[in-house]
Amino acid sequence: MNDFRLNNLELVDLEKSFLNNSKHISHEIKKNYVEYKKEYYDKSIFKNLTFKIEKGDNIIICPLTLEKRGDKNFLNFFGEPIRIFSKKIIDSGINSYLIDYFKNLKKKHDLQNLFFKIKDNNENNSLTNKNSCKMGGDIFINLGLELDEIKKCFDPKLRNELKKNNKEVDFILINANNYEKDEILKMRDLHVSVAGRETRTKKSWIANEKMILDGNGFLIKVIFKKKIISYSLFYFNEETCIYFSSCTLRDYFKIVKNIGDKAIWNAIQFVKNKSNNFYIGSIYEYLKQNTAKNEKELNIDKFKLKFNKKYEKFCLYSEIPKKFSSYLSV
6 MNDFRLNNLE LVDLEKSFLN NSKHISHEIK KNYVEYKKEY YDKSIFKNLT
56 FKIEKGDNII ICPLTLEKRG DKNFLNFFGE PIRIFSKKII DSGINSYLID
106 YFKNLKKKHD LQNLFFKIKD NNENNSLTNK NSCKMGGDIF INLGLELDEI
156 KKCFDPKLRN ELKKNNKEVD FILINANNYE KDEILKMRDL HVSVAGRETR
206 TKKSWIANEK MILDGNGFLI KVIFKKKIIS YSLFYFNEET CIYFSSCTLR
256 DYFKIVKNIG DKAIWNAIQF VKNKSNNFYI GSIYEYLKQN TAKNEKELNI
306 DKFKLKFNKK YEKFCLYSEI PKKFSSYLSV
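Per our numbering, residue 6 is the first one in the sequence shown, and the count goes up by one each step.
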């Protein structure tokens with residue numbers, strides 16, 4: 006007989022849980038972020054399968070959705086990998102239960118694939134088929150540090166780039182206080198111009214606008230000689246600010262070499278007293294050994310690592326892991 010309780014959890018209850026204090030997911034459980042994801046994956050239908058396990062003084066939460074895309078089913082959290090969060094370390098009994106739980110879900114819904122993101126440890130590595138596990142890392146900046154201390158985490162070349170100023174370039178921060186209607190659509194137009202095509206729906210951009218108007222988002226607009234050459238979008242709550250997306254007219258990278266660097270630095274300074282952490286993004290270690298990795302991917306990795314070479318390792322699994330290592334609430 007199980008000595009724990011399992012219950013389904015409504016999405017609205019996630020914001021009331023300890024996940025609201027997790028730098029890894031607190032932003033993803035906000036209502037306006039979820040609405041954006043639904044618009045982004047407009048060809049999919051999501052059903053909430055989030056569950057909570059309580060055992061003694063430990064609480065385990067797994068934010069989970071069943072995604073139906075055409076005639077195929079996927080298990081994730083609005084397109085993000087499956088992750089386990091807990092107050093304390095998961096014991097062997099709960100670990101065995103989770104394995105059986107996901108096996109049953111896979112069979113019940115005829116899932117095409119499973120995609121788990123598990124905090125890395127040596128035990129995971131020893132128990133897992135290397136072909137099903139890809140290594141990566143999340144890059145965070147601690148906003149509790151003074152600005153000079155934050156800069157010490159930066160690559161020396163980045164610190165030098167931030168010292169350079171161009172009188173013809175303006176970095177303009179746009180938030181709920183000075184946002185003008187349809188500004189986000191100007192970013193969309195620039196993005197289409199750079200990408201050469203529409204990569205996501207107009208409704209998803211309108212969802213980004215709502216984030217800004219709700220006080221959870223802001224833009225850094227870059228103007229060169231009175232021409233808009235770049236936009237960067239950031240999303241934040243009290244726990245984490247994320248570098249959401251950006252687009253820049255490519256020809257201006259040669260003229261204004263520190264566009265992206267300064268946009269992020271401006272964002273860090275603005276949000277420093279509003280959030281605890283700044284999430285630059287993820288890198289994927291397994292790609293370093295992949296000769297097929299293209300120059301664009303390499304440059305993106307290098308760009309992120311300039312802000313902090315120390316990252317939190319994780320494993321991405323394409324099968325149910327034998328050992329669940331959760332993101333602990335501390």
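Where a beta carbon is used, it is the ideal one built from N, C-alpha and C, also for glycine.
Unbroken beta strand (DSSP E) run spanning residue i, endpoints
| i | result |
| --- | --- |
| Gly286 | 282-288 |
| Gly142 | 138-147 |
| Arg10 | 10-13 |
Sheet register partners of residue i (DSSP bridge)
| i | result |
| --- | --- |
| Phe159 | In the DSSP output, where bridge partners are listed per residue, Phe159 has none listed. |
| Gly222 | Tyr240 |
| Ile182 | Position check: residue 182 holds Asn in this sequence, whereas Ile was assumed. According to DSSP, which records beta bridges pairwise, Asn182 is partnered with nothing at all. |
| Val174 | Phe229 |
| Glu317 | Asp143 |
| Thr206 | DSSP output for Thr206 lists no bridge partner at all. |
| Lys77 | Arg74 |
| Ser97 | Bridge partners of Ser97: none, in fact. |
Residues near residue i by beta carbon distance below 8 Å, same chain, minus five either side
| i | result |
| --- | --- |
| Lys162 | Lys311 |
| Arg255 | Val199 |
| Leu119 | Leu80, Ile87, Phe107, Lys111, Tyr322, Ser323, Glu324, Ile325 |
| Ser280 | Leu148, Phe241, Asn242, Glu243, Glu244, Thr245, Cys246 |
| Asn282 | Lys28, Phe145, Ile146, Asn147, Leu148, Glu244, Thr245, Cys246 |
| Asn78 | Leu71, Glu72, His114, Asp115, Leu116, Gln117 |
| Phe239 | Gly222, Phe223, Leu224, Ile225, Cys246, Ile247, Tyr248, Phe249, Ala272, Val276 |
Local conformation of residue i per DSSP, three classes
| i | result |
| --- | --- |
| Phe249 | strand |
| Phe82 | strand |
| Ser334 | coil |
| Tyr102 | helix |
| Leu24 | helix |
| Glu72 | strand |
| Ile211 | helix |
| Ser91 | strand |
| Ile64 | strand |
| Ser323 | coil |
| Lys108 | helix |
| Ile260 | coil |
| Ile234 | strand |
| Asn118 | coil |
| Leu254 | coil |
| Lys113 | helix |
Contact set for residue i: own chain, Cβ-Cβ below 6 Å, skip 5 residues either direction
| i | result |
| --- | --- |
| Asp125 | Lys318, Phe319, Cys320 |
| Ala212 | Glu40, Tyr41, Glu44 |
| Tyr184 | Ile217 |
| Lys52 | Leu71 |
| Asn13 | Phe56 |
| Met192 | Tyr236 |
Close beta carbons around residue i, own chain, < 7 Å, minus the five adjacent residues each side
| i | result |
| --- | --- |
| Ser31 | Leu24, Asn25, Asn242, Glu244, Thr245 |
| Lys231 | none |
| Arg74 | Lys48, Ser49 |
| Phe159 | Lys311, Phe312 |
| Lys169 | Asn263 |
| Ile123 | Asn129, Phe319, Cys320, Tyr322, Pro326, Phe329, Ser330 |
| Lys293 | Below a pLDDT of 50, predicted positions are generally treated as unreliable, and Lys293, at 47, falls in that range; the measurement from the model is reported next regardless. Nothing meets the Cβ criterion. |
| Tyr316 | Gly142, Asp143, Ile144, Ile288 |
Range of the contiguous alpha helix (DSSP H) that encloses residue i
| i | result |
| --- | --- |
| Phe121 | Run containing Phe121: none in the alpha helix (DSSP H); it sits in the beta strand (DSSP E), 121-124. |
| Asn304 | 300-310 |
| Asn271 | 264-276 |
| Ile189 | 188-200 |
| Val17 | 16-19 |
Cβ of residue i within 8 Å of any chain B Cβ
| i | result |
| --- | --- |
| Lys113 | Judged by its chain identifiers, the structure shown contains no chain B, having just a single protein chain. |
Next item on the list: Jot down the residue ranges of each uninterrupted alpha helix (DSSP H) in the stretch 32-61, minimum 4 residues, whole runs only, in chain order.
Entry: List check, alpha helix (DSSP H) in window: 36-45.
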